[in-house]
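All residue numbers for the sequence shown refer to the working numbering, where the first residue is 388 and numbers rise by one.
All C-beta atoms in this analysis are idealised placements derived from N, C-alpha and C, irrespective of residue type, glycine included.
Here is the structure we will look at, set down as structure tokens.
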Amino acid sequence: MEALFKTWETSRKIYLSYFENYSLDQLNKIPNGFNNNLIWHIGHIIVTQQKLIYRGSNLPGYISNNLLTKYQSGTKPDAFVPQKEADELKTLLTSLIEPTIDDFLKGIFINYNERTTGTGFHLSSINDAFESNNYHEGMHLGYMLSIRKFV
388 MEALFKTWET SRKIYLSYFE NYSLDQLNKI PNGFNNNLIW HIGHIIVTQQ KLIYRGSNLP
448 GYISNNLLTK YQSGTKPDAF VPQKEADELK TLLTSLIEPT IDDFLKGIFI NYNERTTGTG
508 FHLSSINDAF ESNNYHEGMH LGYMLSIRKF V
């Protein structure tokens with residue numbers, strides 16, 4: 388699991404760099420031909436991690452239902468994300484890592500709801516969920532690499 392956690396931490400640092408390298412307007416811009424923007428992808432990976440790890444284990448996690456609803460699968464940006472929400476997402480990118488790893492090490496993920504994700508990953512354990520999360524974050528980073536060329 389140590390390698391999975393290290394990969395996740397590295398992924399989150401890459402996502403964090405978007406806040407340093409792009410303005411709020413650029414983060415919110417939906418280029419022609421795309422359905423989402425950079426900031427939506429950031430919100431989405433945060434929400435998905437919480438759903439995969441915590442909700443998949445019947446635990447509440449650390450994010451609000453408002454964020455969950457706004458950035459879950461099947462959504463798209465419906466309004467400009469203001470600075471306050473952007474700051475919250477920026478904080479969540481890295482602040483969720485330590486408590487999630489601590490929770491894993493404490494063994495709170497006792498039960499996991501077995502299922503197959505929309506991308507075809509069969510999840511039967513918390514370990515599967517962490518692996519799927521890393522894949523998911525890499526996939527969305529790829530989308531962001533494409534979007535950034537047009538903002």
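Looking at the strands, I want to know which residues DSSP matches up with residue i.
i, result
"His509", "Thr503"
Note down the Cα distance separating residue i from residue j, rounded to an integer number of angstroms.
i, j, result
"Gly507", "Ser519", "10 angstroms"
"Asp474", "Phe421", "24 angstroms"
"Asp412", "Gln470", "10 angstroms"
"Thr462", "Leu455", "10 angstroms"
"Trp427", "Leu532", "14 angstroms"
"Phe406", "Tyr530", "16 angstroms"
"Glu396", "Asn419", "31 angstroms"
"Asn521", "Asp515", "10 angstroms"
"Gly525", "Asn500", "23 angstroms"
"Leu476", "Gly448", "15 angstroms"
"Phe537", "Leu483", "30 angstroms"
"Phe517", "Ser511", "11 angstroms"
"Ile432", "Leu492", "22 angstroms"
"Arg535", "Leu414", "9 angstroms"
"Pro464", "Arg442", "23 angstroms"
"Asp490", "Asn498", "13 angstroms"
"Glu523", "Arg399", "Looking at the sequence itself, residue 523 is His, so the reference to Glu does not match. Roughly 12 angstroms between the two C-alpha positions."
"Glu472", "Tyr458", "12 angstroms"
"Ile429", "Thr435", "10 angstroms"
Please return the same chain residues whose Cβ sits closer than 6 angstroms to the Cβ of residue i, not counting the five positions on each side in sequence.
i, result
"Phe496", "Ser444, Ile513"
"Asn452", "none"
"Thr503", "His509"
"Ile450", "Gln437"
Use the C-beta contact count for residue i: other C-beta atoms within 10 angstroms, 16 or more gives buried, fewer gives exposed.
i, result
"Asn423", "buried"
"Phe467", "exposed"
"Glu389", "exposed"
"Leu439", "buried"
"Gly542", "This structure cannot speak to residue 542, because the chain is shown only from 388 to 538."
"Thr478", "exposed"
Cβ of residue i less than 8 angstroms from any chain B Cβ?
i, result
"Tyr530", "This model lacks chain B altogether, as it is built from one protein chain only."
Could you give the C-beta distance for residue i and residue j, rounded to a whole number, given that I count them as a contact under 8 angstroms?
i, j, result
"Leu403", "Thr481", "6 angstroms"
"Leu425", "Tyr409", "6 angstroms"
Starting from the C-beta of residue i, find all residues in its chain whose C-beta is less than 8 angstroms away, skip the five residues before and the five after it, and write them out in chain order.
i, result
"Ile401", "Leu528"
Who are the near neighbours of residue i in its chain, counting only those whose CB is closer than 7 angstroms to its CB and skipping five residues on each side?
i, result
"Lys416", "Asn424, Val538"
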